[in-house]
Amino acid sequence: MDQPQPPKIKKLDETVVNRIAAGEVIQRPSNALKELLENSLDAKSTSIQVTVKQGGLKLLQIQDNGTGIRKEDMEIVCERFTTSKLTQFEDLASIATFGFRGEALASISHVAHLTIITKTKTSPCAYRGSYIDSKLKDPIKACAGNQGTQIIAEDLFYNIPTRRKALKSPSEEYHKIAEVVSRYAVHNPHVGFTLKKQNENLAEIRTRPNSSHSEVIGNIYGNNIARELLAVEGTEDTFKLKVSGWVTNVNFSTKKMTFLLFINHRLVDSLAIKRMIEQVYSLYLPKGSFPFVYLSLCMDPKNVDVNVHPTKHEVHFLHEDTIIERVQSMLEKTLLGSNTSRVFYTQTKLPSFSTDPVSNKSKPDLDKTNDNTLLNPKIKSNSQNNVTPAYKMVRTDALEQKLDRFLSSNGAESNVGTNQSKYKRRDIKLSSVKDLRAEIEKARSSQLMSVFRKLSFVGCATPCLFLIQHDIKLYIVNLTYVLDQLSYQLLLHDFGNFGVFRFEEPISIKELLLLALDLPDSGWDPASGSKPEVAEAAAQFLATRADMLMDYFSLEIDADARLCTLPQVLGESCSMLMLDYVHCLKF
């Protein structure tokens, strides 16, 4: 019987080798963008604009105002291992730039149609070159252009269909691109970043040059985070370590951790540092709650190995455990100082809209009730034989204390009238609404319904978290999520059947929009026009949709673009309660 012969070893074609290498460096559009962003930052850019189409798969364009590329370098700029930042291997020990291998543009040219337009300060004009598989397709041409470099990558992974199919939806890829831009914008507040989709005027991300870290964080991640930020700073002379960053205090929490880590100004991941942060915050935040953390670690380049992974998202450094301990100590010190002041929220009655008087004759005055009456009525205080364990006692009975008692009971007339007329409920036959209602019905939980029907409100721990009691269990509830779901389900349930609150005097929609545009988190961009222009255009647009808004949402808008009614979503009692609700105490 013939023995099988070993296959012959052959040298791979250079095109195949380069395409395989490109697949390691450029794994998805966000990886390509990261490489291009770092090139722009290495070129001392102060303005970087990113434009994408179909999540970066159809088009990924980046334009900067950096130093540009010399005309004589254009021919080899996309060849592998051509770089201006490294001459010998020993230079890695002191490398301070992002790129150093000369693989980014080469890798992109092997998996996309690449075009480069660039102009240096001393050049009389810009030059344009198109590349495929690291080589120029046509001779370099002179063209008009501003100082800096514009790189256009089209049809990413057009020649690797399996990779293209393995990628997620364009919207998911766009989200990852936005994450990369957001992180570099936070770390480089002196640079103005812009991210938008092709053919759209409104930018998803827009930061101004020479901003502060906290301003950029507020711009991108929201002012609710920016208001709770604490500065982290520290040095460690032994390891030439400098730590800086911004973290949220113990009053803030969110469902998902946002963690930005830069080591020697390079965006990286570190599972060990992330675990350390989670451990520190676990002492202050409820389970399942997480902070916002941005940290920048600068250390001696000789102690950092950046040549670990083709994408450079991973680095190794000496004395890792000891350095992480030092960073943990700095973080704990920062949070400990903020923990001396905590914010709690309590309910109080405020003079506001009135409603029908609420009779309290059948309700006990809890302020005058002795301790025993706070127990469940079924438990007799003078019983000595059957002692109930303390952990089974229901200290606050939800059946005794109603939300009604927090409503204002004065008889003053309201500035807002409610439509109390009874009418036959319309049957909405829109298939889209019916499908959404069916989804809610399918996902409902009888256990959660029981908890919310029989809960006892305990109090607010933070602006977003409150405590409730059900039977002998204590729950912590995310108010933001609950209100979001409540409003969504009520809007679906009463779609086309809302009652109305009618204003005695209609309110100008333009004036309301001007007030909204003055808020810090309005997202207004001067490039979209002046505030009065934006408000006027939006008000007129809503006026053209007045019939639909009234029919579906009970929003009446008159011919002068004035708001006459609001939908009664929660019902009259709950709506009045929402107007009376929160008072903040700090101690």
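Using this note's numbering, the letters of the sequence shown correspond one by one to residues 1 to 587.
Positions of the beta carbon are idealized from the N, C-alpha and C atoms, including for glycine.
From a predicted model like this one, the values you see are computed outputs, not experimental measurements.
**Prompt:** Distance, Cα to Cα, L318 vs N303?
**Reply:** Here residue 318 is taken as the residue at index 318 of the sequence shown, counted from 1. Here residue 303 is taken as the residue at index 303 of the sequence shown, counted from 1. So the two alpha carbons sit approximately 5 Å from each other.
**Contained alpha helix (DSSP H) runs [length at least 4] in the stretch 203-281, N- to C-terminal order** = For the alpha helix (DSSP H) assignment, the uninterrupted runs of no fewer than 4 residues enclosed by the stretch 203-281 are, from N- to C-terminal side, 213-221, 223-226 and 271-281.
**Asked** Is DSSP giving L60 helix, strand or coil here?
**Response** Locating residue 60 in the sequence shown gives position 60, where the first residue counts as 1. Residue state for L60 is assigned as strand, using DSSP reduced to three classes.
**Message:** Can you check which of these residues, V569, I468, I324 and Q489, is closest to L479 by C-alpha distance?
**Reply:** What you label residue 479 is simply residue 479 of the sequence shown in a count that begins at 1. Nearest Cα to L479 within the set V569, I468, I324 and Q489: I468.
**Request:** Look at D113 and S134 and say whether their C-beta atoms are less than 8 Å apart.
**Result:** Taking the first residue of the sequence shown as position 1, residue 113 is located at position 113. Taking the first residue of the sequence shown as position 1, residue 134 is located at position 134. According to the sequence provided, residue 113 is His. The question's Asp does not apply to it. Going by C-beta atoms, H113 is not nearer than 8 Å to S134.
**Prompt:** With a CB to CB cut of under 6 Å and the five nearest residues on each side skipped, what residues in its chain are close to G218?
**Reply:** Walking along the sequence shown from the start, residue 218 turns up at place 218. So the qualifying residues of the chain are A226.
**Prompt:** Which stretch, first to last residue, makes up the alpha helix (DSSP H) that contains A539?
**Reply:** Locating residue 539 in the sequence shown gives position 539, where the first residue counts as 1. In the DSSP assignment, A539 falls within the unbroken alpha helix (DSSP H) covering K531 to T544.
**Item:** Cβ contact check for the stretch 162-173 and the stretch 55-63: 3 or more pairs under 8 Å
**Value:** Here the stretch 162-173 lies against the stretch 55-63, with 3 or more beta-carbon pairs under 8 Å apart.
**Neighbourhood of S554 by C-beta, 8 Å cutoff - its chain only, sequence neighbours within 5 removed** = What you label residue 554 is simply residue 554 of the sequence shown in a count that begins at 1. Excluding positions up to five away in sequence, the list reads F498, G499, V500, T565, L566, P567 and Q568.
**Request:** With a floor of 4 residues, list each alpha helix (DSSP H) that falls wholly inside the stretch 130-180, ordered by position along the chain.
**Result:** Every unbroken stretch of the alpha helix (DSSP H) spanning 4 or more residues and falling wholly within the stretch 130-180 is given here in chain order: 161-166.
**Asked** Which runs of the alpha helix (DSSP H), 4 residues or longer, sit entirely within the stretch 471-526?
**Response** Runs of the alpha helix (DSSP H) inside the stretch 471-526: 479-493 and 509-517.
**Prompt:** Considering L436, what are the terminal residues of the alpha helix (DSSP H) in which it resides?
**Reply:** If you number the sequence shown from 1, residue 436 lands on position 436. Element bounds for L436: S431 to A443.
**Check whether W246 and S214 have beta carbons under 8 Å apart** = Here the question's residue 246 lines up with position 246 in the sequence shown. Here the question's residue 214 lines up with position 214 in the sequence shown. Yes, the Cβ-Cβ distance between W246 and S214 is below 8 Å.
**Asked** Alpha carbon to alpha carbon, how far is L297 from L331?
**Response** The residue you call residue 297 lines up with position 297 of the sequence shown. The residue you call residue 331 lines up with position 331 of the sequence shown. The alpha-carbon separation between L297 and L331 amounts to approximately 13 Å.
**Prompt:** Residue range of the alpha helix (DSSP H) that K53 falls in?
**Reply:** Position 53 of the sequence shown, counting from 1, holds the residue named residue 53. K53 -> not in any alpha helix (DSSP H); beta strand (DSSP E) instead, spanning S47 to K53.
**Prompt:** Per DSSP, R80 is paired with what?
**Reply:** Position 80 of the sequence shown, counted from the start, is the residue given in the question as residue 80. Answer is none; R80 lacks a bridge partner.
**Prompt:** With L267 and K34 assumed to form a contact (beta carbons below 8 Å), what rounded beta-carbon distance in angstroms separates them?
**Reply:** For the purposes of this step, residue 267 is taken as the residue at position 267 of the sequence shown. For the purposes of this step, residue 34 is taken as the residue at position 34 of the sequence shown. With a contact defined as Cβ atoms closer than 8 Å, L267 and K34 qualify at about 7 Å.
**Request:** Could you tell me whether the stretch 145-164 touches the stretch 58-75, where touching means 3 or more Cβ pairs closer than 8 Å?
**Result:** Touching, yes, given that three or more Cβ pairs across the two stretches are closer than 8 Å.
**Prompt:** What's the C-alpha gap between I177 and S30?
**Reply:** As a first step, residue 177 must be located in the sequence shown, where it is residue number 177. As a first step, residue 30 must be located in the sequence shown, where it is residue number 30. Straight-line measurement puts the Cα of S30 at about 5 Å from the Cα of I177.
**Asked** What is the rounded straight-line gap between the Cα of V293 and the Cα of N188?
**Response** Numbered from its first residue, the sequence shown carries residue 293 at position 293. Numbered from its first residue, the sequence shown carries residue 188 at position 188. Straight-line spacing of the CA atoms in V293 and N188 works out to 16 Å.
**Request:** Measure the alpha-carbon distance for A43 versus T254 and round it to whole angstroms.
**Result:** Sequence index remark: in the sequence shown, residue 43 carries index 43 (1-based). Sequence index remark: in the sequence shown, residue 254 carries index 254 (1-based). Computed Cα separation, rounded: 37 Å.
**Prompt:** Who are the near neighbours of E556 in its chain, counting only those whose CB is closer than 7 Å to its CB and skipping five residues on each side?
**Reply:** Indexing the sequence shown from 1 puts residue 556 at position 556. The beta carbon of E556 sits closer than 7 Å to those of M550, C564 and T565, all from its chain and outside the five residues before and after it, given in chain order.
**Message:** With a threshold of 8 Å on Cβ separation, who are the neighbours of Y552 within its own chain once the five nearest residues in sequence on each side are excluded?
**Reply:** Within the sequence shown, the letter at position 552 stands for residue 552. F495 and G496.
**Asked** Rounded C-beta distance between R326 and L230? I'm assuming under 8 Å.
**Response** The residue you call residue 326 lines up with position 326 of the sequence shown. The residue you call residue 230 lines up with position 230 of the sequence shown. Between the beta-carbon of R326 and that of L230 there is about 18 Å, and that puts the pair past the 8 Å contact cut.
**Prompt:** With which residues is Y294 paired in a DSSP beta bridge?
**Reply:** Translated into positions along the sequence shown, residue 294 becomes position 294. For Y294, which the question treats as bridged, DSSP gives the partners W246 and L260.
**Message:** In the DSSP output, what is F193 paired with across the bridge?
**Reply:** Working through the sequence shown from its first residue, we reach residue 193 at position 193. Note: F193 sits in a beta bridge opposite I48.
**Asked** A203: buried (16+ other C-beta within 10 angstroms of its C-beta) or exposed?
**Response** As a working note, residue 203 is residue 203 in the sequence shown. Residue burial is scored here from C-beta neighbours: A203 has at least 16 other C-beta atoms within 10 angstroms and is therefore classed as buried.
**Check whether V250 and L295 have beta carbons under 8 Å apart** = Position 250 of the sequence shown, counted from the first residue, corresponds to residue 250. Position 295 of the sequence shown, counted from the first residue, corresponds to residue 295. Not in contact: V250 and L295 (Cβ atoms no closer than 8 Å).
**Request:** Just grab the DSSP bridge partners of Y127 for me.
**Result:** Reading the sequence shown from its first residue, position 127 is the one you call residue 127. Checking the DSSP bridge columns, you'll see Y127 partnered with T118 and A142.
**Message:** So, at 7 Å on beta carbons, what are the nonlocal neighbours of Q5 in its own chain, with the 5 sequence-adjacent residues on each side left out?
**Reply:** The residue labelled residue 5 in the question sits at position 5 within the sequence shown. Scanning its chain for C-beta atoms nearer than 7 Å, with the 5 sequence neighbours on each side dropped, one finds no residue around Q5.
**Request:** Round the Cβ separation of A144 and A126 to the nearest angstrom and send it over; I've been treating them as touching at under 8 Å.
**Result:** For the purposes of this step, residue 144 is taken as the residue at position 144 of the sequence shown. For the purposes of this step, residue 126 is taken as the residue at position 126 of the sequence shown. The pair is a contact, with the Cβ atoms about 6 Å apart (cut-off 8 Å).
**Asked** Taking the C-alpha atoms as reference points, what is the distance between L570 and S487?
**Response** Here residue 570 corresponds to residue number 570 of the sequence shown, with the count starting at 1. Here residue 487 corresponds to residue number 487 of the sequence shown, with the count starting at 1. When rounded, the distance between both Cα atoms is 8 Å.
**Request:** Label I440 either buried or exposed according to how many other C-beta atoms from any shown protein chain fall within 10 Å of its C-beta, with 16 as the threshold for buried.
**Result:** Within the sequence shown, the letter at position 440 stands for residue 440. By the neighbour-count rule (16 or more Cβ atoms within 10 Å), I440 is not buried but exposed.
**Message:** If the criterion is Cβ atoms closer than 8 Å, does the pair N223 and P532 meet it?
**Reply:** Residue mapping note: residue 223 aligns to position 223 of the sequence shown, counting from 1. Residue mapping note: residue 532 aligns to position 532 of the sequence shown, counting from 1. Not closer than 8 Å, so no.
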